[in-house]
Each structure stands twice: as C-alpha cells, then as structure tokens.
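S.K.: Okay, here's the structure, questions in a sec.
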Amino acid sequence: MTKNDLADKVAERTGLPATQARQALEAAIETVSDELAAGGEVALAGFGKFSVSHRSARQGRNPATGETINIAASKAAKFSAASALKSRLNS
C-alpha cells in the first residue's frame, strides 16, 4: 500500500475529501519524523511505538574485495508493534 492508497482509505473511512485526508496523513508523517529527528519517540496505543535506534561505529568487510572498512555510527528509525496489533496479526 502506498501513501496515496492509505490516504484514500482514510478518506473512505472518515468521509473526508481525499485532499484533506492526504494533508492530514502528510502532517502526521511529518510530526512523527520531526519527533524522531529530535531524539524522541511516538507511542500510539494499540498500534505500536516509533523510536530511534543508535548503531555504534564498527568495522566491516567489503564483500567484493574482502577489505576491512570502517562503518560510521548511525541512527535508524525503529518500530515496535503493540501487543494488540500482534494479536490481530496472529489471529
């Protein structure tokens, strides 16, 4: 499902015009992104939690040459599903 597909489904379920549903979805995504960029987390009851995962710097290998390379420290977005969502997926 794409972002446009999701916005269309939201429009159908809420009765909002498609343009307003897209704007609301875009605003929600931007808000979650801003919070994660600031180092925070976003918890949605019954759905899950978005947080930031910190990855330490480490050494790796170039698979083509076998040469050792340094991999820089980085941050990544992480999602942990709530138990209600896990139950729904496994029923």
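Position 67 of the sequence shown, counting from 1, maps to 75 under the working numbering, and the rest follow consecutively. Here a beta-carbon is modelled for each residue, glycine too, at the ideal position from N, C-alpha and C. Keep in mind the model is a prediction, meaning the values are calculated, not measured.
1. Quick check on DSSP: helix, strand or coil for leucine 97?
2. Counting along the chain, where does the beta strand (DSSP E) carrying asparagine 109 start and finish?
3. From asparagine 78 to leucine 24, what distance separates their C-alpha atoms?
4. Would you grab the beta carbon distance between serine 16 and alanine 26 for me? Rounded to a whole angstrom, and I think it's under 8 Å.
5. Within its chain, find whatever has a CB closer than 7 Å to the CB of alanine 80; leave out the 5 residues flanking it on each side and keep chain order.
M.R.: By the coordinates alone:
1. For leucine 97, the three-state secondary structure derived from DSSP is helix.
2. Residue 109 lies beyond the residue range present for the chain, which begins at 9 and ends at 99; the question has no answer from this structure.
3. If you draw a straight line from the Cα of asparagine 78 to the Cα of leucine 24, it is about 50 Å long.
4. Serine is not the amino acid found at residue 16; the sequence shown has aspartate there. About 6 Å; that satisfies the 8 Å criterion.
5. If you ignore the 5 residues before and after alanine 80, its C-beta comes within less than 7 Å of the C-beta of Ala65, all in its own chain and listed in chain order.
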